[in-house]
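Visitor:
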Amino acid sequence: MPIDPYIVLLLGTVGIAALLPARGSAAPVASGASTAAIALLFFLYGVRLSTREALDGLKHWRLHVTVLACTFVIFPLLGIAAGRLVPVLLNQPLYQGLLFLTLVPSTIQSSIAFTSIARGNVPAAICAGSFSSLVGIVLTPLLAAALLGNSGGGFSGHSLVTIVVQLLVPFVAGQLLRPWIGRFVARHKKILGLVDRGSILLVVYTAFSEGMVRGIWHQVSAVRLGGLLVVEALLLAVMLALTWYGTRALGFSREDRVAVQFAGSKKSLASGLPMASVLFGAHASLAVLPLMLFHQMQLMVCAVIAKRRARDAEVRQETAGPAPAAASPSAVGTTNRPR
Numbered sequence: 001m002p003i004d005p006y007i008v009l010l011l012g013t014v015g016i017a018a019l020l021p022a023r024g025s026a027a028p029v030a031s032g033a034s035t036a037a038i039a040l041l042f043f044l045y046g047v048r049l050s051t052r053e054a055l056d057g058l059k060h061w062r063l064h065v066t067v068l069a070c071t072f073v074i075f076p077l078l079g080i081a082a083g084r085l086v087p088v089l090l091n092q093p094l095y096q097g098l099l100f101l102t103l104v105p106s107t108i109q110s111s112i113a114f115t116s117i118a119r120g121n122v123p124a125a126i127c128a129g130s131f132s133s134l135v136g137i138v139l140t141p142l143l144a145a146a147l148l149g150n151s152g153g154g155f156s157g158h159s160l161v162t163i164v165v166q167l168l169v170p171f172v173a174g175q176l177l178r179p180w181i182g183r184f185v186a187r188h189k190k191i192l193g194l195v196d197r198g199s200i201l202l203v204v205y206t207a208f209s210e211g212m213v214r215g216i217w218h219q220v221s222a223v224r225l226g227g228l229l230v231v232e233a234l235l236l237a238v239m240l241a242l243t244w245y246g247t248r249a250l251g252f253s254r255e256d257r258v259a260v261q262f263a264g265s266k267k268s269l270a271s272g273l274p275m276a277s278v279l280f281g282a283h284a285s286l287a288v289l290p291l292m293l294f295h296q297m298q299l300m301v302c303a304v305i306a307k308r309r310a311r312d313a314e315v316r317q318e319t320a321g322p323a324p325a326a327a328s329p330s331a332v333g334t335t336n337r338p339r
């Protein structure tokens, strides 16, 4: 099973924050740099996201509505239901982080990669991930306000104003400037990708530093972490099953079912980390821990599933012979019947 190298970097950053947290005069400097990094992240998200391509994907609206329902309805409902596990398996801070995890938008890059490996509907996965990111910028804070409230580790109405200024305004600015700087950003994709990852590492360092200084890590024990992993494994298993067998019941083609499964069962670490930093402030370190663990878990499990789906597709092709051109899975609006 693959271990995401970036998770190793994130864990290393957590270790540095534990040993050398930002204290005294260094704390406001780190906080200011983190704020600027978050704004830059969402500005670049806005520049990269092609609104025109996303709108073109509306032709396959049933698939996108299904992914959005999985991401922002079924996931949060499961998160609310997990509240019954407090205090048996989870304590309240970890549960708040788990609930926040269920509110985060889906991924784009890994959903596309796994859909491609499994020979699914790649254009649909691209559009589904884009829609989820767009909707999540507005919907995730609103859901957090409704479900977490002031119990979410310092979350308040002021956080909504903060997230508009730090996340939504830079994102909209990026969208507006896309016609002028979009090509420049595309040409320097690799370099700016390092900026993205470096910014997230800075956000993680700042959040965990503040958590160490405030001593909130005394609230977490090895037993509680084990309980969190069990709950997250069950959450992922339920969503993978629902997105696969539920879409068969809805009459989606195999290619579309693959796209829905990978886009509808995943959560974005890149979007969730900066959002948690804005929403939770000093308590962000506990809030992002469930998301970091879930991210690695979903990569490992989905890598195995994608390879299995690819083998199934090969066997099906060998059995059925060459497929007609009209049955190509590259069409976003495919209406093939499930097999």
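Numbered according to the numbering used here, the sequence shown spans residues 1 to 339.
Virtual Cβ for every residue (Gly too), placed ideally from N, Cα, C.
None of the values given here were measured: they were computed from a predicted structure.
1. Are the CB atoms of L299 and S110 within a distance shorter than 8 Å?
2. Considering Cα atoms alone, identify which of A124, V172, L40 is closest to T66.
3. Using 8 Å as the cut-off, can you tell me whether the segment 287 to 297 makes contact with the segment 266 to 279, which would need three or more C-beta pairs spanning the two stretches below that distance?
4. Looking only at its chain, what residues have a beta carbon closer than 7 Å to the beta carbon of Q92, apart from the 5 residues adjacent to it on each side?
5. Could you tell me if K266 is buried or exposed, where buried requires 16 or more neighbouring beta carbons within 10 angstroms of its beta carbon?
6. Which residue wins for smallest C-alpha separation from G79, given the options F42, A249, M239?
7. How long is the line joining the alpha carbons of F280 and L40, rounded to whole angstroms?
8. With DSSP run on the structure shown, which of helix, strand or coil describes S130?
9. Give the DSSP-derived three-state secondary structure of K267 in the structure shown.
10. Tell me which residues share the same chain as L250 and place their Cβ nearer than 6 Å to its Cβ, disregarding the 5 neighbours each side in the sequence.
11. Roughly how many whole angstroms lie between the Cα atoms of I191 and L176?
12. Here's the rule I'm using: 16 or more other beta-carbon atoms within 10 Å means buried, otherwise exposed. How should G152 be labelled?
13. Rounded to a whole number of angstroms, what is the C-alpha to C-alpha distance between V304 and L10?
14. Spatial neighbours of S116 within its chain, please: C-beta separation below 7 Å, excluding the five flanking residues on both sides.
15. Express the C-alpha separation of S132 and A233 in angstroms, rounding to a whole number.
16. Is the distance from the Cβ of I7 to the Cβ of V203 below 8 Å?
17. Taking only the alpha-carbon atoms, compute the straight-line gap between A284 and S277 and give it to the nearest angstrom.
Guide: The relevant details are as follows:
1. Reading the sequence shown from its first residue, position 110 is the one you call residue 110. Reading the sequence shown from its first residue, position 299 is the one you call residue 299. Yes, the Cβ-Cβ distance between S110 and L299 is below 8 Å.
2. Here the question's residue 66 lines up with position 66 in the sequence shown. Among A124, V172, L40, the Cα nearest to that of T66 is on A124.
3. Enough Cβ pairs lie closer than 8 Å, so yes.
4. Start at 1 with the first residue of the sequence shown, and residue 92 comes out as number 92. V86, listed in sequence order.
5. In the sequence shown, counting from the first residue as 1, residue 266 sits at position 266. It counts as buried.
6. Counting from 1 along the sequence shown, the entry for residue 79 is found at position 79. Considering only alpha carbons, the answer is M239.
7. One-based indexing of the sequence shown puts residue 280 at position 280. One-based indexing of the sequence shown puts residue 40 at position 40. Our two residues, F280 and L40, have alpha carbons roughly 19 Å apart in a direct line.
8. Here residue 130 is taken as the residue at index 130 of the sequence shown, counted from 1. DSSP places S130 in helix when its eight states are reduced to three.
9. By 1-based counting over the sequence shown, the position of residue 267 is 267. Coil at K267, not helix or strand.
10. Your numbering for residue 250 matches position 250 in the sequence shown. There are no such residues.
11. Here the question's residue 191 lines up with position 191 in the sequence shown. Here the question's residue 176 lines up with position 176 in the sequence shown. If I take the Cα positions, the gap works out to 22 Å.
12. If you number the sequence shown from 1, residue 152 lands on position 152. Residue placement at G152 is poorly supported in this model, since its pLDDT is 47, which falls under 50; the coordinates still yield a value, given next. With 16 or more other Cβ atoms within 10 Å, it is buried.
13. Looking up residue 304 in the sequence shown gives position 304. Looking up residue 10 in the sequence shown gives position 10. Approximately 23 Å, taken between the alpha carbons.
14. Position 116 of the sequence shown, counted from the start, is the residue given in the question as residue 116. If we look at S116 and ignore the five residues flanking it on each side, its Cβ neighbours are V122.
15. For the purposes of this step, residue 233 is identified with residue 233 of the sequence shown, where counting begins at 1. For the purposes of this step, residue 132 is identified with residue 132 of the sequence shown, where counting begins at 1. Going from the Cα of A233 to the Cα of S132 covers about 22 Å.
16. Walking along the sequence shown from the start, residue 7 turns up at place 7. Walking along the sequence shown from the start, residue 203 turns up at place 203. For I7 and V203, no; Cβs fall outside 8 Å.
17. As a first step, residue 284 must be located in the sequence shown, where it is residue number 284. As a first step, residue 277 must be located in the sequence shown, where it is residue number 277. Between A284 and S277, the C-alpha separation is close to 5 Å.
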